[in-house]
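K.L.:
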Amino acid sequence: MGNLTSLRQLDLGNNRLDSVIPMSLWKLNDVLVLEGSIPESVAKLVTLQRLDLSHNNLSGTIPKSLEALQYLEYFDVSPTS
806 MGNLTSLRQL DLGNNRLDSV IPMSLWKLND VLVLEGSIPE SVAKLVTLQR
856 LDLSHNNLSG TIPKSLEALQ YLEYFDVSPT S
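For the numbering used here, count along the sequence shown from 1 and bump the result up by 805.
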């Protein structure tokens with residue numbers, strides 16, 4: 806994710822994600838089913854405005870590093886697990 810520093814919107818809702826989102830995700834075109842948590846590296850998406858991870862099976866805590874995303878206007882992780 807660190808190479809996508811100009812990304813403005815990321816919508817992964819309704820994909821049954823339940824894993825750490827790997828760096829290789831951005832090279833895939835198929836629906837993903839993963840296990841784990843939101844990675845700290847998402848904070849490197851410095852221009853991100855929307856992050857929708859709703860209706861997945863994510864676990865763990867929301868990384869504190871997301872607080873640094875000054876342009877983030879919308880963030881949804883409901884309902885998970």
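Just so you know, even glycine gets a beta-carbon here, dropped at the ideal spot from N, CA and C.
Locate the beta strand (DSSP E) running through L856, then write down its first and last residues.
P.N.:
The residue you call residue 856 lines up with position 51 of the sequence shown. Run containing L856: R855 to D857, per the beta strand (DSSP E) assignment.
K.L.:
What separation, rounded to the nearest whole angstrom, lies between the Cα atoms of D881 and R855?
P.N.:
Mapped onto the sequence shown, residue 881 falls at position 76. Mapped onto the sequence shown, residue 855 falls at position 50. The alpha-carbon atoms of D881 and R855 are separated by roughly 9 Å.
K.L.:
Between the C-alpha atoms of V836 and G818, what's the straight-line distance to the nearest angstrom?
P.N.:
Here residue 836 corresponds to residue number 31 of the sequence shown, with the count starting at 1. Here residue 818 corresponds to residue number 13 of the sequence shown, with the count starting at 1. Note on V836: pLDDT 38, under 50, position unreliable in the model; the coordinate value appears next. Cα to Cα, the separation comes out at about 11 Å.
K.L.:
So, at 7 Å on beta carbons, what are the nonlocal neighbours of S883 in its own chain, with the 5 sequence-adjacent residues on each side left out?
P.N.:
As a first step, residue 883 is located in the sequence shown; it is residue number 78 there, counting from the start. Excluding residues within five positions, the ones whose Cβ falls inside 7 Å are S859.
K.L.:
Hey, would you say the C-beta of K869 is under 7 Å away from at least one heavy atom of the ligand GTP?
P.N.:
With respect to the ligand GTP, the structure shown offers nothing to examine, as it has no ligands at all.
K.L.:
Looking at chain B, is there any beta carbon in it that lies within less than 8 Å of the beta carbon of G818?
P.N.:
Absent from the structure is chain B; it holds one protein chain and no more.
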